[in-house]
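The structure appears right after this line, and notes come after that.
Residue numbers (the working numbering): 325 to 776.
And the structure:
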């Protein structure tokens, strides 16, 4: 076993800026975010609809902001615009910026701040973005359509909402025969066929039968797999929303309530809203939680976890994780507080409780450990960088959980606060590793790690 000593550099802003100047500039210019769960950590996002266009995953969420006395209703949901995010690897997400605001919609109530859960589909090279908001004419929720030539816009809103549709949470499903269906909610879950222009109904709305009659129900999302049609939706069976699903052999039903695909939030977040998509032969559930706002569940953050089917087509229940999805590159910052597993007493906490977008760290004391899986080493890296706060002289062991091999054991000198530690290690062979960080001695908090 080799023990490597630390080359510690100051954690001051100037030191960090000099070292990361090129990387930070690249990320800012390209709006690239490296994250696990929640996927987006620099703003509040909710109600994610994930779509795959041209081998890229695009997420169309709603955008929570804080209400004020002159903006929305304090203590309630407040949303005035939409962003879109994309990724080719499920780990690095690019923010393409605002694609539509309530100011762009001529028929909306400008005081409503009610740009709630959206959807987007593609047909013949055009992208149709569906969104709900309150009408300035009636005060009721209507569903609008905006059209663009790219999945990231710009989107131009139609002058009027879809006729004969009152409600929220639009979801559009395009069947293999080219027929499109619109699903939405408003006390019940409704369904209608769409005309080929995707802007008008081709049939009268109907209430979907055989769904739960008690408890709030909203947010429908339809998908098909192996001839089975899955109608999924949030439903309040007890106190908060859980995700349920019903199955049928036709997009118009009838549907049979089949099971629960995600239980109620253990921390009491009242809403959940989701989508389900296949990408590179794996299915994923996108949903939301209030990670970045634990004391106020009207500011949510989108998440994703893998989803698996049983041989009979039923869905295995998804257990939320912090690790989420995607393979982390060893050369990127790895937020190990978004762990796969951890010891009982390892503590995750905000870097700054007053500024949650600054993220979290994980605090370890002697014999604590944290496990972070699926890290890809594309080169033989010979250094590890930690941004950490060592309260005592510490010894940290880094091992691979699969091979049970030691990657490095390092000694870390105590510091005065958060500092950047650059540590020489024996070159690590290329490959994919499940990393375990075990504290053999001392007391330390770690914000992120990176290999170079």
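Where a beta carbon is used, it is the ideal one built from N, C-alpha and C, also for glycine. Since we're looking at a predicted model, the values are computed, not measured.
**Request:** Determine the direct distance from the alpha carbon of residue 604 to that of residue 597, and round the result to whole angstroms.
**Result:** Within the chain shown, residue 597 is the residue found at index 273, counting from 1. Within the chain shown, residue 604 is the residue found at index 280, counting from 1. Annotation: residue 597 to residue 604 spans about 23 angstroms, alpha carbon to alpha carbon.
**Item:** CA-to-CA distance, residue 400 to residue 387, given in whole angstroms
**Value:** Indexing the chain shown from 1 puts residue 387 at position 63. Indexing the chain shown from 1 puts residue 400 at position 76. Computed Cα separation, rounded: 13 angstroms.
**Message:** Whole angstroms are fine: how far does the CA of residue 409 sit from the CA of residue 422?
**Reply:** Looking up residue 422 in the chain shown gives position 98. Looking up residue 409 in the chain shown gives position 85. Our two residues, residue 422 and residue 409, have alpha carbons roughly 10 angstroms apart in a direct line.
**Prompt:** Since residue 310 sits in a beta bridge, which residues does DSSP pair it with?
**Reply:** The question about residue 310 has no answer here: the residues shown for the chain are numbered 325 through 776.
**Prompt:** Unbroken alpha helix (DSSP H) runs of length 4 or more, entirely within the stretch 466 to 494: which are they?
**Reply:** The stretch 466 to 494 contains no whole alpha helix (DSSP H) run of 4 or more residues.
**Message:** Between 768, 420 and 376, which has its C-alpha nearest residue 712's C-alpha?
**Reply:** By one-based count along the chain shown, residue 712 stands at place 388. That would be 768, whose Cα lies nearest to the Cα of residue 712.
**Endpoints, beta strand (DSSP E) assigned at residue 546** = Start at 1 with the first residue of the chain shown, and residue 546 comes out as number 222. Counting along the chain, the beta strand (DSSP E) containing residue 546 begins and ends at 545 to 549.
**Prompt:** Where does residue 677 land, buried or exposed, given buried means 16+ other C-beta within 10 angstroms?
**Reply:** Within the chain shown, residue 677 is the residue found at index 353, counting from 1. Exposed, because fewer than 16 other Cβ atoms sit within 10 Å of the Cβ of residue 677.
**Prompt:** Distance, Cα to Cα, residue 488 vs residue 531?
**Reply:** Here residue 488 refers to the residue found at position 164 when the chain shown is read from its first residue. Here residue 531 refers to the residue found at position 207 when the chain shown is read from its first residue. A straight-line Cα-Cα distance of about 13 angstroms links residue 488 and residue 531.
**Request:** Note down, one range per segment and in chain order, each beta strand (DSSP E) of at least 3 residues found wholly within the stretch 694 to 768.
**Result:** Whole beta strand (DSSP E) segments, 3+ residues: 707 to 714, 718 to 724, 730 to 736, 743 to 748 and 755 to 765.
**Item:** Beta-carbon proximity list for residue 766, same chain, < 6 angstroms, skipping 5 on both sides
**Value:** Translated into positions along the chain shown, residue 766 becomes position 442. For residue 766, where only same-chain residues beyond five positions count, the Cβ hits under 6 angstroms are 716, 717 and 718.
**Request:** May I ask which residues mark the beginning and end of the beta strand (DSSP E) holding residue 585?
**Result:** Along the chain shown, one-based indexing puts residue 585 at 261. Run containing residue 585: 580 to 586, per the beta strand (DSSP E) assignment.
**Message:** How far does the beta strand (DSSP E) with residue 510 in it extend, from its first residue to its last?
**Reply:** Within the chain shown, numbered from 1, the residue matching residue 510 stands at position 186. Per DSSP, residue 510 belongs to the beta strand (DSSP E) from 504 to 510.
**Prompt:** What three-state label does DSSP hand residue 372 in the structure shown?
**Reply:** Locating residue 372 in the chain shown gives position 48, where the first residue counts as 1. In this structure, DSSP gives residue 372 an extended state, which the three-state scheme calls strand.
**Request:** Taking 8 angstroms as the threshold, find out whether the stretch 463 to 470 comes into contact with the stretch 421 to 440 through three or more Cβ pairs.
**Result:** Output reads yes: the stretch 421 to 440 touches the stretch 463 to 470.
**Asked** To the nearest whole angstrom, what separates the beta carbons of residue 650 and residue 369, a pair I think is in contact under 8 angstroms?
**Response** Numbered from 1 along the chain shown, position 326 holds the residue referred to as residue 650. Numbered from 1 along the chain shown, position 45 holds the residue referred to as residue 369. Residue 369 and residue 650 do not touch by the CB rule: their CB atoms are close to 17 angstroms apart, not below 8 angstroms.
**Request:** Alpha carbon to alpha carbon, how far is residue 391 from residue 647? Give it in angstroms, no decimals.
**Result:** Mapped onto the chain shown, residue 647 falls at position 323. Mapped onto the chain shown, residue 391 falls at position 67. Between the alpha carbons of residue 647 and residue 391 lies a distance of about 31 angstroms.
**Asked** Less than 8 angstroms separating the beta-carbons of residue 696 and residue 751?
**Response** Taking the chain shown and counting its residues from 1, one reaches residue 696 at position 372. Taking the chain shown and counting its residues from 1, one reaches residue 751 at position 427. Result no, Cβ atoms of residue 696 and residue 751 do not sit closer than 8 angstroms.
**Request:** Check whether the Cβ of residue 719 lies closer than 8 angstroms to any Cβ atom in chain B.
**Result:** Chain labels in this structure do not include chain B; a single protein chain is all it has.
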